Amino acid sequence: MHEINIKAFCFNPFRENTYLMWNRAGECILVDPSPYTDEESDSLFSYISDKQLKPKEIWLTHGHFDHVYGVARIVREYSTPVRMHPDDKVILENDHIFAASVLLDAPDSSFKTLDLEDGEVLDALPDSPFKVIWTPGHTPGSVCFLDSTDKVMLSGDTLFAGTIGRTDHMGGDYDQEIVSVMDKLMGLPGDIDVLPGHGGMTSIADERTHNPFLQPFNEPETEILP
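Take 4 as the starting number for the sequence shown in the numbering used here and just add one per residue.
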């Protein structure tokens with residue numbers, strides 16, 4: 004039985020997945036909240052209000068502009084702490100440049116962040132602790148959030164259905180990305196559901212066997228004997 008509820012919103016021109024997670028007590032976490040327009044922001048705040056949820060924290064898988072558009076307003080509204088890996092502070096500081104390069108408004112990046120550490124367990128939702136997995140490559144401070152109890156992982160832009168995060172922006176490193184995915188994610192149980200920062204849900208098993216970027220690892224889940 005799942006101890007956690009998860010609602011996905013698709014926001015901003017990059018179709019970024021914002022995740023709202025809450026428990027039976029109505030305590031909630033926002034992961035990469037990034038509504039861009041007033042209408043998108045209103046839809047998120049209305050959902051929180053209608054469900055009578057109590058935002059406790061914001062977690063960032065990384066600092067790219069398309070994942071942080073809504074952070075500052077949420078902090079102002081709910082006084083929520085923001086958790087992010089410190090290696091992505093340089094990304095956050097340059098988000099105005101990234102946004103301008105694609106003709107979008109710069110996000111308000113004035114909020115402060117609390118440092119995430121590799122292996123740290125986040126217990127803001129006590130019955131559903133999440134482990135921080137540092138997965139540098141897409142950005143220096145990219146992380147995934149793994150809830151082994153509910154068998155779900157939020158992968159940000161590290162791992163998608165059938166692909167991996169791009170590494171051609173500032174701080175990206177393809178070799179590091181492959182090592183992160185292969186060494187830290189592909190050994191997880193196959194029945195872990197993966198909720199990425201863009202696109203649809205997948206699973207560790209599906210990516211092990213079908214992701215073309217992980218071809219050396221691709222093999223059937225069970226050996227078929229002759």
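For every residue, glycine included, the Cβ atom is placed at its ideal position computed from N, Cα and C. Bear in mind that the values here come from a model prediction, so they are computed numbers and not experimental data.
Each residue's CA atom was taken as its position, placing G29 and L162 some 29 Å apart. Within a 10 Å sphere around the beta-carbon of H88 sit 16 or more other beta-carbons, which makes this residue buried.
Residue pairing by DSSP places G159 opposite P199 in a beta bridge.
Separation of H213 and F14 (C-alpha to C-alpha, rounded to the nearest whole angstrom) is 27 Å. In the three-state reduction of the DSSP assignment, Y22 falls in the strand class, which pools E and B.
Measuring C-alpha to C-alpha distances from P129 to each of D153, D121, R86, D98 identifies D153 as the nearest. Counting along the chain, F14 sits inside the beta strand (DSSP E) bounded by residues 8 to 14.
Around the CB of V105, fewer than 16 other CB atoms lie within 10 Å, so the residue is classed as exposed. Partner residues in the beta bridge of V124, as assigned by DSSP, are K134.
Annotated three-state conformation of M189 is coil, per DSSP. The secondary-structure analysis by DSSP pairs E42 with nothing; it has no beta-bridge partner. Pairing D186 with E60, the inter-Cα distance amounts to about 29 Å.
Considering only F216, D209, A75, E180, the residue with the shortest C-alpha distance to I136 is E180.
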